[in-house]
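These notes concern the structure reproduced below.
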Amino acid sequence: MTVTLTLTDLLPISEDATDWDVAACRGDQHPDRWFPDPSESFDYAARICARCPIADACGTYASATGQTGVWGGREYRRGKLIR
Ligand code: SF4
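Residue numbers (the working numbering): 14 to 96.
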């Protein structure tokens, strides 16, 4: 059996599930693009984040809760903005 995770499963940006209703990445089939290797481009994720109505909140959440990956169109490592 194959289990397919979407980004929604991986990035719990809020306790309020309704926030995810408007997330541009909701249902995206390439969640790995939000977790690039250090030398890897994250243009795919950044393009989607650029049209996301909750991008500011997403980045704030990543910083405040020590997240790693692409949040709000920027990449964080343990909550620190790296690029
Ligand atoms: S800013 Fe990016 S990672 Fe955050 S919810 Fe929106 S699309 Fe998803």
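All residues carry an ideal CB built from backbone N, CA and C; glycine is no exception. Keep in mind it's a predicted model, so treat the numbers as computed, not measured.
{"Item": "Gly40, DSSP secondary structure in three states", "Value": "coil"}
{"Item": "Proximity below 8 angstroms, CB of Arg64 to CB of Ala37", "Value": "yes"}
{"Item": "Pairwise C-alpha distance: Arg46 and Tyr57", "Value": "7 angstroms"}
{"Item": "Straight-line Cα distance separating Asp34 from Asp50", "Value": "28 angstroms"}
{"Item": "Buried/exposed call for Gly72, threshold 16 Cβ in 10 Å", "Value": "buried"}
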